[in-house]
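Some notes on the structure that comes next.
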Amino acid sequence: MADAPLKWVEVPEAQDLWEGDLVDAEVDGEQVLIVHHLDGSFAAYQGLCPHQEVLLADGKWDEESATLECSGHAWQFDMRSGEGINPAGCRLYQFPVEVTDGIVRIGIPQDELVHYNRYQEA
Ligand code: FES
């Protein structure tokens, strides 16, 4: 996680998100995927696949295993951690999330960097 100061931005799209569901949103110019896990916790990741930038929200989502399969080429991600399952060795960029009185906010680092990872062939 970056050490830069964070700008907390409210995400209306995530407000009424059911547990076990996910939604994509543009947050302060960033494409973000917000997951509301079955245990009630939230997580937010880059919204575009590290492979070829397909929208991850269009993928196949299994809320029980918290696994998302990209609709592009079936790469799979563990949405509890953002880790690549298949292939391993890639990871989604993760944004901090804060929920207060049902209002979901995402922390966007103010460091002028690109906040998503691309997969690098070894
Ligand atoms: S774009 Fe996601 S697996 Fe290829």
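Residue numbers for the sequence shown follow full-length UniProt numbering, so the first one is 1 and each next one is one higher.
All C-beta atoms, glycine included, are put in the ideal place defined by N, C-alpha and C.
In this text the structure is predicted, and so the values were computed from the model without any measurement.
Let me confirm a value: residue i is counted as buried when at least 16 other C-beta atoms fall within 10 Å, else exposed. Which label applies?
{"i": "Val114", "result": "exposed"}
{"i": "Trp8", "result": "exposed"}
{"i": "Gln46", "result": "buried"}
{"i": "Pro87", "result": "exposed"}
{"i": "residue 127", "result": "What the structure shows of the chain is the stretch from 1 to 122, and residue 127 is not part of that stretch, so it cannot be assessed."}
{"i": "Ala14", "result": "buried"}
{"i": "Ala4", "result": "exposed"}
{"i": "Glu98", "result": "exposed"}
{"i": "Glu30", "result": "buried"}
{"i": "Ile103", "result": "exposed"}
{"i": "Gly84", "result": "buried"}
{"i": "Gly40", "result": "exposed"}
Would you say residue i touches ligand 1, meaning its beta carbon is less than 8 Å from a heavy atom?
{"i": "Glu53", "result": "yes"}
{"i": "Trp75", "result": "yes"}
{"i": "Gly72", "result": "yes"}
Between the Cα of residue i and those of the options, spot the shortest distance and give me the residue it belongs to.
{"i": "Leu22", "options": "Ala66, Cys49 and Glu30", "result": "Ala66"}
{"i": "Gly89", "options": "Asp16, Glu112, Trp75 and Gln31", "result": "Trp75"}
{"i": "Gln94", "options": "Val104, Met79, Glu69 and Pro87", "result": "Met79"}
{"i": "Leu56", "options": "Asp111, Val104, Pro12 and Ile34", "result": "Ile34"}
{"i": "Ser81", "options": "Asp101, Ala44 and Asp62", "result": "Ala44"}
{"i": "His37", "options": "Glu53, Leu68, Pro12 and Ala25", "result": "Leu68"}
{"i": "Arg91", "options": "Gly20, Ala25 and Gln120", "result": "Gln120"}
{"i": "Glu53", "options": "Val32, Glu10 and Arg105", "result": "Val32"}
{"i": "Trp61", "options": "Phe77, Asp28 and Ser41", "result": "Phe77"}
- Item | Ranges of the beta strand (DSSP E) found wholly within the UniProt domain "Rieske" (8-106), counting only runs of at least 3 | 21-27, 30-36, 42-46, 60-62, 67-69, 76-78, 84-86 and 97-100
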